[in-house]
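J.: This is the structure I want to talk about, given as structure tokens.
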Amino acid sequence: MTMVPLHLAIVCFLVSTGPATAILHNVTEQAVMKHIFEDQAYDKNIRYHNNTVTNVTIGLSQISIDNVDIVGGKITIRAFLQLGWKDERLAWSPAEYQGLSKITLDKDQVWMPDISVYNHVAGESDAEDGPSLSILKILAYADGSVLYIPSHSYTVYCDLDPSKSATYSNRNCEIKFGSWAHDGFQINVLVSPYSNSMTDLVQNKVWEVISVKPRRENKFYACCPEPYPNIIFNIEFRLRMDKRLGVEVSNERRLYHYLVDDYVPDVMPVPKVRRNTSYDYNDPMVTVGMYVGVLRVTDVDFKTHTMVSTFLMLKRWVDEELAWDPAHFGGINKTEVPSDRVWKPAFLIANRAEEWYDMNNEMHVQSNGQVRWGISYTMRTFCTLDVYRFPYDSHTCYLWIMSYRQDASKLGIKILGAWGGGRSQFLQESLEWNIDSVEGTQENWQLPGDEKYPAAQIVIKISRRSTYYTHVFTAPCVLLAFLTPVVFLLPTSAPEKVTLGIGIFVSLTLLLEILEDNMFAANNVPIIALYYVATMVLTAFSILMSTIILNVVDKGKKDRFIPKVLRVIFLNVLGRILRVTPSSTRDREMVTFNELENHGDGLDGSDVKDDHVHITHGGPSMNEWFTLAAVIDRLFFLTFLVVAIICSIAMFASG
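And the structure:
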């Protein structure tokens, strides 16, 4: 049987049923009808079979959804049902009837296949009692082919999910057609070749038909061995984006489902102008602009050479799949969508020291398709640290950001800006570290092979807040260093010289232990530790020199003569330079009496007085020994003072 397209069939109906055509073919058609109904005695109650099955083609066209009852699980559609079959009792020879090839008949004049809707709702489908807008004519061809295209309204049961989330998704409803009384050996139903055409769809203002897919199936029942074929039309539909079935729905919700319902997040959004171009490392398909802000340095671990920092990464790119016309959504020109529902560039921190994952949060999308995704991280990264200038040290650390999915021909990175320091009143700055500067550059990494991957280098310069360390470690050590020369300002014969030196040495030892508790293993020694050691060496040397000076004083008590070499060097040369003369030591000699009086062995102090008489009335050698001790005191005081100043300047200059 030859089938014709729907629009041609309708035209044929209009032409053949027009008044002019009826006048022209009236006589010929009457002759054909006389031949069929009178001469051949056509009986419309009997199916023509000639011991063969009658094939009936079924199609649906111009489908429109009138109503959807989600709660009741019912849908009402209006469509043209296209039925075609062959009845050779209606055939004639066109040559015998002036070339007439087709005629129009009332459907009540001929045999009609009993095609019914299996899943219709009783009392709500006009297909049961006749179509409300049905075409009551059939088109019969000279070869016996019959075409019948009525317009019906069908209300059928569907499995509709009434949940809120499913309201905005695509839905499916099936309409099942088949013979009601005949099995498959009598009437066989087939899919019309024109039933799946979408060109004849008439869209409703509320509901949108996405697709119509017919399929044929055979049903077998336990009662009967014969098959019962049927044709099932699967209609996929959804709510239009501008209406919500009479339910008030916000523009934001409509826009959200418009953007994400059919979106494939695993596919990179290549711009339309680039879809037919080749890959180029110098011109990537998608370029991601990036702002990086280092908000806070939480910790710097010198043992593992790592830095813990909190930083913000703001990415921008254009995704044409996420563009929309604001006029269709109440003027909305920007919205937010979850990051797991759309494509996002996959980056990692290459020098991270711990596991790290992208977090799923909201993306900001503009109507032109520009996507902005900001996310903050607190991460431990490797960093080369130098402790030499502790506690006045500064360091340069890096964040290496690179793509691990798309290479540089598909994805590019462009650093739009970088900054350091907390810009938010809710972010507390680090108590120990300052962020001096943050800079960013982009480049492509050449990995083994020919592939290049986009990367960005963020340079972070930090410095320690040294106020605490200055008060706890530096200032006490400097004071002790300048206290060491004071040992040589005490009287030459005073044993407190050694006592003061030992006290300074013990204090430095305690400070060094405290510093060690706050320090860490490193390849090089901090400058402050070197300063501590230098001060301890200086103090130890001052104790040694104090012991020597006391020995010199002791020799003077025994009235020994000073060697000539010492007299020339220390008394004649250094004494004059340092302005130390014998007369200047007399008062210091008298001090020894009081010192010795307090340390005498006799109960009445007689031996002390004897010593005093011996000292004060001794010969010139006694005065020379005291002068020698005074010169050595003055010399080492100046020497140790200069050394302390030089060491302090060197430490602060290095810091």
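The sequence shown maps to residues -22 to -1, 1 to 633 in mature numbering (1 follows the signal peptide of the UniProt record, and there is no 0).
Every residue, glycine too, gets a C-beta built ideally from N, C-alpha and C.
Quick caveat, the model's predicted, so the values are computed rather than measured.
Which of helix, strand or coil does DSSP assign to Val169?
T.: If you number the sequence shown from 1, residue 169 lands on position 191. Reduced to three states, the DSSP call for Val169 is strand.
J.: Which residue comes first and which comes last in the alpha helix (DSSP H) that contains Ser228?
T.: Along the sequence shown, read from residue 1 onward, the residue named residue 228 stands at position 250. Careful: Ser228 lies outside any alpha helix (DSSP H) and carries neither H nor E.
J.: Any idea what DSSP makes of His13, helix, strand or coil?
T.: The sequence position of residue 13 within the sequence shown is 35, counting from 1. Helix.
J.: Beta carbon of Ile391, beta carbon of Gln424: below 8 Å?
T.: As a working note, residue 391 is residue 413 in the sequence shown. As a working note, residue 424 is residue 446 in the sequence shown. No.
J.: Which of the three DSSP states is assigned to Leu457 in this structure?
T.: Locating residue 457 in the sequence shown gives position 479, counting from the first residue. If DSSP states are grouped into helix, strand and coil, Leu457 belongs with the helices.
J.: Quick check on Gln87: does DSSP put it in helix, strand or coil?
T.: Here residue 87 corresponds to residue number 109 of the sequence shown, with the count starting at 1. Helix, per DSSP.
J.: Answer yes or no: do Ile84 and Leu114 have a C-beta to C-beta separation smaller than 8 Å?
T.: Along the sequence shown, one-based indexing puts residue 84 at 106. Along the sequence shown, one-based indexing puts residue 114 at 136. One point to set straight first is that residue 84 is Asp, not Ile, in the sequence displayed. Result yes, Cβ atoms of Asp84 and Leu114 sit closer than 8 Å.
J.: Under 8 Å, with one C-beta from each stretch per pair, do the stretch 147 to 164 and the stretch 24 to 41 reach the 3-pair mark?
T.: Contact between the stretch 147 to 164 and the stretch 24 to 41 is present, because at least three Cβ pairs lie under 8 Å.
J.: By DSSP, does Leu363 sit in helix, in strand, or in coil?
T.: The residue you call residue 363 lines up with position 385 of the sequence shown. Leu363: coil per DSSP, three-state reduction.
J.: If I follow the unbroken beta strand (DSSP E) through Gly398, where does it start and stop?
T.: On the sequence shown, residue 398 is found 420 positions in, with the first residue counted as 1. Note, Gly398: beta strand (DSSP E), 389 to 398.
J.: Would you say Gly50 and Tyr96 are within 8 Å of each other, going by their C-beta atoms?
T.: Translated into the one-based positions of the sequence shown, residue 50 becomes position 72. Translated into the one-based positions of the sequence shown, residue 96 becomes position 118. Not closer than 8 Å, so no.
J.: In this structure, does DSSP put Arg319 in helix, strand or coil?
T.: As a first step, residue 319 is located in the sequence shown; it is residue number 341 there, counting from the start. Coil.
J.: Could you work out which residue in Thr362, Leu273, Leu300 is closest to Leu290 when comparing CA atoms only?
T.: By one-based count along the sequence shown, residue 290 stands at place 312. Ranking Thr362, Leu273, Leu300 by Cα distance to Leu290 puts Leu273 first.
J.: Taking a contact to mean a Cβ-Cβ separation below 8 Å, would you say Ser520 touches Phe618 in this structure?
T.: Indexing the sequence shown from 1 puts residue 520 at position 542. Indexing the sequence shown from 1 puts residue 618 at position 640. Yes, the Cβ-Cβ distance between Ser520 and Phe618 is below 8 Å.
J.: To the nearest angstrom, report how far apart Ser524 and Lys475 are at their CA atoms.
T.: Locating residue 524 in the sequence shown gives position 546, counting from the first residue. Locating residue 475 in the sequence shown gives position 497, counting from the first residue. Cα to Cα, the separation comes out at about 6 Å.
J.: When the Cα of residue 640 is compared with those of Tyr132, Val365, Arg67, Met11, which residue comes out closest?
T.: The chain is shown only over -22 to 633; residue 640 falls outside these bounds and no answer can be derived.
J.: Using beta-carbon positions only, say whether Asn150 and Asn212 come within less than 8 Å of one another.
T.: In the sequence shown, the residue the question calls residue 150 occupies position 172. In the sequence shown, the residue the question calls residue 212 occupies position 234. Contact: yes.
J.: Of all the beta strand (DSSP E) runs that stay within the bounds of the stretch 22 to 64, which reach a length of 3 or more residues?
T.: The stretch 22 to 64 contains these whole beta strand (DSSP E) runs: 32 to 47, 52 to 64.
J.: Three or more beta-carbon pairs under 8 Å between the stretch 350 to 361 and the stretch 292 to 307, yes or no?
T.: Yes, since at least three Cβ pairs between the stretch 350 to 361 and the stretch 292 to 307 fall closer than 8 Å, the two stretches touch.
J.: Output yes or no for whether 8 Å exceeds the beta carbon distance between Val10 and Ile81.
T.: Residue 10 sits at position 32 when you count from the first residue of the sequence shown. Residue 81 sits at position 103 when you count from the first residue of the sequence shown. Taking 8 Å as the Cβ cut-off, Val10 and Ile81 qualify as a contacting pair.
J.: Could you work out which residue in Leu61, Ile555, Gly398 is closest to Asn412 when comparing CA atoms only?
T.: Residue numbering aside, residue 412 sits at position 434 when the sequence shown is read from its first letter. Selected option, being the one with the closest Cα: Gly398.
J.: On the premise that Leu394 lies in contact with Leu269, defined as a C-beta separation below 8 Å, what is that separation, rounded to the nearest angstrom?
T.: As a working note, residue 269 is residue 291 in the sequence shown. As a working note, residue 394 is residue 416 in the sequence shown. Residue 269 is actually Tyr in this sequence, not Leu. Right, their Cβ atoms sit about 5 Å apart.
J.: Cβ atoms of Arg358 and Val286: under 8 Å apart, would you say?
T.: Numbered from its first residue, the sequence shown carries residue 286 at position 308. Numbered from its first residue, the sequence shown carries residue 358 at position 380. Going by C-beta atoms, Val286 is nearer than 8 Å to Arg358.
J.: Exposed or buried, Glu66, counting other C-beta atoms within 10 Å across all chains shown (16 or more means buried)?
T.: By 1-based counting over the sequence shown, the position of residue 66 is 88. Classification of Glu66: exposed, given that the 10 Å Cβ count is below 16.
J.: Leaving out five residues on either side along the sequence, give the residues of the same chain with a beta carbon under 8 Å from the beta carbon of Gly308.
T.: Here residue 308 is taken as the residue at index 330 of the sequence shown, counted from 1. Closer than 8 Å at Cβ, skipping near neighbours: Asn229.
J.: Which class does Leu409 belong to by DSSP, given the choice of helix, strand or coil?
T.: The residue you call residue 409 lines up with position 431 of the sequence shown. Coil.
J.: Under DSSP, the beta strand (DSSP E) around Val484 begins and ends at which residues?
T.: For the purposes of this step, residue 484 is identified with residue 506 of the sequence shown, where counting begins at 1. Looking at the DSSP string, Val484 is not in any beta strand (DSSP E); the run it does join, the alpha helix (DSSP H), is 474 to 495.
J.: Could you spell out where the beta strand (DSSP E) holding Lys115 opens and where it closes?
T.: Here residue 115 refers to the residue found at position 137 of the sequence shown. Residues 115 to 119.
J.: Between the Cα of Ile480 and the Cα atoms of Val450, Pro128, Leu516, which residue gives the shortest distance?
T.: To locate residue 480, count along the sequence shown from 1; it is residue 502. It is Leu516.
J.: Do Ser381 and Pro426 come within 8 Å of each other at the CB atom, strictly closer than that value?
T.: Against the sequence shown, residue 426 aligns to sequence position 448. Against the sequence shown, residue 381 aligns to sequence position 403. No.
J.: From this set, His283, Tyr234, Thr276, which residue's C-alpha is nearest Glu340's C-alpha?
T.: Taking the first residue of the sequence shown as 1, we reach residue 340 at position 362. Out of His283, Tyr234, Thr276, Tyr234 has the C-alpha closest to the C-alpha of Glu340.
J.: Between the alpha carbons of Leu38 and Glu74, how many angstroms are there, rounded?
T.: Along the sequence shown, read from residue 1 onward, the residue named residue 38 stands at position 60. Along the sequence shown, read from residue 1 onward, the residue named residue 74 stands at position 96. Answer to the nearest angstrom: the Cα atoms are 36 Å apart.
J.: Would you mind reading off the limits of the beta strand (DSSP E) that contains Arg330?
T.: Within the sequence shown, numbered from 1, the residue matching residue 330 stands at position 352. Note, Arg330: premise wrong, no beta strand (DSSP E); not H, not E.
J.: Return helix, strand or coil for Gln420, following the three-state DSSP convention.
T.: Start at 1 with the first residue of the sequence shown, and residue 420 comes out as number 442. DSSP places Gln420 in strand when its eight states are reduced to three.
J.: Check each candidate in Ala607, Ile505, Arg554, Ile48 and name the one with the smallest Cα separation from Ile627.
T.: On the sequence shown, residue 627 is found 649 positions in, with the first residue counted as 1. Selected option, being the one with the closest Cα: Ile505.
J.: What do you reckon, are the CB atoms on Ile527 and Ala607 nearer than 8 Å?
T.: On the sequence shown, position 549 is the one that residue 527 refers to. On the sequence shown, position 629 is the one that residue 607 refers to. It is a contact, given that the beta carbons lie within the stated cut-off.
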